[in-house]
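Chemist:
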Amino acid sequence: MHFTHSLTAALALGGSALASPTEKRVTVGLSKAMRQRGRSFIGTALTLRDDAQELAIVENKADFNSITPENAQKWESTEPTQGNFTFEDSDRYVDFATDHRYQIHCHNLVWHSQLPDWVVNGGFDNETLIEVMHDHIKALAGRYKGRCTRWDVVNEALEEDGTYRKSVWYNTIGEAFLPLAFKFASQVDPKAQLFYNDYNLEYNGAKTDGAQRIVKLIQSHGVKINGVGFRAHMTSEPTTSSGGGVTPSQQVLSAALRRMTSQDVDVAYTEIDVRMNLPATQKKLNVQAKVYQRIAASCLAVERCIGMTIWGVSDKYSWIPAVFDGEGAANLWDEDFKKKPAYAGFLRGIHQGGNNGASL
Ligand SMILES: *[C@@H]1O[C@H](CO)[C@@H](O)[C@H](O)[C@H]1NC(C)=O
Ligand SMILES: *[C@@H]1O[C@H](CO)[C@@H](O)[C@H](O)[C@H]1NC(C)=O
Numbered sequence: 010m011h012f013t014h015s016l017t018a019a020l021a022l023g024g025s026a027l028a029s030p031t032e033k034r035v036t037v038g039l040s041k042a043m044r045q046r047g048r049s050f051i052g053t054a055l056t057l058r059d060d061a062q063e064l065a066i067v068e069n070k071a072d073f074n075s076i077t078p079e080n081a082q083k084w085e086s087t088e089p090t091q092g093n094f095t096f097e098d099s100d101r102y103v104d105f106a107t108d109h110r111y112q113i114h115c116h117n118l119v120w121h122s123q124l125p126d127w128v129v130n131g132g133f134d135n136e137t138l139i140e141v142m143h144d145h146i147k148a149l150a151g152r153y154k155g156r157c158t159r160w161d162v163v164n165e166a167l168e169e170d171g172t173y174r175k176s177v178w179y180n181t182i183g184e185a186f187l188p189l190a191f192k193f194a195s196q197v198d199p200k201a202q203l204f205y206n207d208y209n210l211e212y213n214g215a216k217t218d219g220a221q222r223i224v225k226l227i228q229s230h231g232v233k234i235n236g237v238g239f240r241a242h243m244t245s246e247p248t249t250s251s252g253g254g255v256t257p258s259q260q261v262l263s264a265a266l267r268r269m270t271s272q273d274v275d276v277a278y279t280e281i282d283v284r285m286n287l288p289a290t291q292k293k294l295n296v297q298a299k300v301y302q303r304i305a306a307s308c309l310a311v312e313r314c315i316g317m318t319i320w321g322v323s324d325k326y327s328w329i330p331a332v333f334d335g336e337g338a339a340n341l342w343d344e345d346f347k348k349k350p351a352y353a354g355f356l357r358g359i360h361q362g363g364n365n366g367a368s369l
């Protein structure tokens, strides 16, 4: 998708012209606006590479005050063979956060995917696999003790119907792997906020029930869990990969978040993007802007929604076209690093959400 400067400018002007004349001057900057609303952060997924344009956007403190390393801390990157810990790449991200005084959402400790073969097919019995998990958490979370603002302790433990995913973790250890992982993480880094993270929790359906059950399970063991991350890989129109679904209403989104906060934990959107069928048109981009607006508003409508992370800044590097054929244009900046209408929509949602958000 390539827009001319003038079209992008026209869209941006169109966006602000929609604001009512009595509305207060809109603060420029996503994270600035978010913190003005008393929330904690706006973040982006980050892959450090040689792209000055991308980096300039990430480094703009008015927009961001948090990063999530996209891949560097995953198991295959940090313990590719047993006991062989490789932290060089991961260190760059934690150092980036420290140098920029950004929060860092560390990602992740226990997941079934991007997990090396030695774990998946190691044939470990229950006791040994718990040790393998414990060793990994001790080494990885231990290395960054006091430096990770949040940790995704367990990622994607649920099937779509809300039952446990049949991973090596669940198949070998049973549901006990969840409280055990959180217990180990809280022992290793008591200051980090510990999150359970999953996708498709936004629809307030069976999978949302499952996440609420996981929170209760962990709490029932007397183990600390601070929050639930809603990944929010959403669509602005029905696509093949969405199975015909689209982003629900703001009311449904907020209701799903409140299911977790009613268990006395925080919530955050952790991987927001909003994809569509390509090619993007101006009309589709305006619809997308509205979706971003209601996602932001749904967070602001829930007191314990502490922040939102978008999954990368530019469409140029989005994971979506490679995974979902014919879909994409999901981010706030286009492939030429120009702000899309979605940027203004997201910002508007931060400003308005929780006030007149119900009408969005
Ligand atoms: C550790 O893993 C790295 C990355 O896969 C590899 O290059 C290195 O040879 C491994 N070292 C040992 C001792 O297994
Ligand atoms: C594995 O061991 C843990 C810790 O002793 C226990 O809680 C869990 O139920 C065991 N899982 C299975 C499948 O036996």
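The numbering used here applies: residue 10 is where the sequence shown begins, and numbers increase by one.
Virtual Cβ for every residue (Gly too), placed ideally from N, Cα, C.
1) Count the other CB atoms, across all protein chains shown, that sit within 10 Å of the CB of Ala-331; report buried if there are 16 or more and exposed otherwise.
2) From Glu-312 to Pro-125, what distance separates their C-alpha atoms?
3) Buried or exposed, going by whether 16 or more other CB atoms sit within 10 Å of the CB of Asp-134?
4) Give the DSSP-derived three-state secondary structure of Pro-78 in the structure shown.
5) Compute the Euclidean distance between the alpha carbons of Lys-325 and Glu-136, then round it to the nearest angstrom.
6) Okay, do the segment 117-132 and the segment 67-74 touch, 3+ Cβ pairs below 8 Å being the bar?
7) I'd like to check one pair, Asp-218 with Gly-171: are the Cβ atoms closer than 8 Å?
8) Using a strict less-than 5 Å threshold between each residue's beta carbon and the heavy atoms of ligand 1, what residues do you get?
9) Arg-267 to Asn-340, Cα distance in whole Å?
10) Within 8 Å of any Cβ in chain B, is that where the Cβ of Ala-305 sits?
11) Distance, Cα to Cα, Ser-327 vs Gly-337?
12) Going by C-alpha distance, which of Gln-302, Ala-150, Ala-215 and Val-103 is nearest Met-379?
13) Hey, Ile-182 and Ile-139 are a contact pair by Cβ (cut 8 Å); roughly how many whole angstroms apart?
14) By the DSSP assignment, the alpha helix (DSSP H) with Val-224 in it spans what residues?
15) Just list the residues that DSSP pairs His-116 with in beta bridges.
16) Can you name, in chain order, every residue of its own chain whose Cβ lies under 6 Å from the Cβ of Thr-279, other than the five neighbours on each side?
17) Could you tell me the alpha carbon to alpha carbon distance between Cys-157 and Lys-299, rounded to whole angstroms?
18) When you compare each of Asp-100, Ala-190, Asp-282 and Leu-55 to Pro-78 by their alpha carbons, which one comes out closest?
19) When you measure from the CB of Gly-183 to every non-hydrogen atom of ligand 2, does any distance come out below 7 Å?
20) Within 10 angstroms of the Cβ of Glu-32, are there 16 or more other Cβ atoms? Answer buried if so, exposed if not.
21) What alpha helix (DSSP H) runs, 4 residues minimum, are completely inside the segment 233-298?
22) Return the chain-ordered list of same chain residues with a C-beta closer than 8 Å to the C-beta of Ser-258, the five sequence neighbours on each side being excluded.
23) Entirely within the segment 329-354 and at least 4 residues each: give me those alpha helix (DSSP H) ranges in chain order.
24) DSSP state of Asn-180, grouped into three classes?
25) My output table needs one value for Ile-139: the three-state DSSP class, helix, strand or coil.
26) Count the other CB atoms, across all protein chains shown, that sit within 10 Å of the CB of Val-37; report buried if there are 16 or more and exposed otherwise.
27) Just to check, is the beta-carbon of Asn-213 closer than 7 Å to a non-hydrogen atom of ligand 2?
28) Give the straight-line distance between the Cα atoms of Asp-282 and Gln-297, rounded to the nearest whole angstrom.
29) Going straight from the alpha carbon of Ser-86 to that of Val-129, what length do you get?
Modeler: So, to answer that:
1) exposed
2) Using only the alpha carbons, I get a separation of about 39 Å.
3) exposed
4) strand
5) 44 Å
6) no
7) Their beta carbons are under 8 Å apart, which means Gly-171 touches Asp-218 by this criterion.
8) Pro-89, Thr-90 and Asn-93
9) 26 Å
10) Absent here is chain B; the protein component of the structure consists of one chain.
11) Whole-angstrom Cα-Cα distance: 7 Å.
12) Because the chain spans 10 through 369 in this model, residue 379 falls outside it and cannot be assessed.
13) 6 Å
14) 215-229
15) Asp-161
16) Closer than 6 Å at the Cβ level, and outside the excluded window around Thr-279, lie Asn-206, Gly-238, Arg-240 and Thr-318.
17) 33 Å
18) Leu-55
19) yes
20) With a pLDDT of 46 at Glu-32, under the threshold of 50, the modelled position of this residue cannot be trusted, and the question is left open.
21) 259-270
22) Excluding five sequence positions before and after Ser-258, the CB atoms of its chain that fall closer than 8 Å to its own CB belong to Arg-303, given in chain order.
23) 329-332
24) helix
25) helix
26) exposed
27) no
28) Taking the straight line joining both Cα atoms gives about 10 Å.
29) 15 Å
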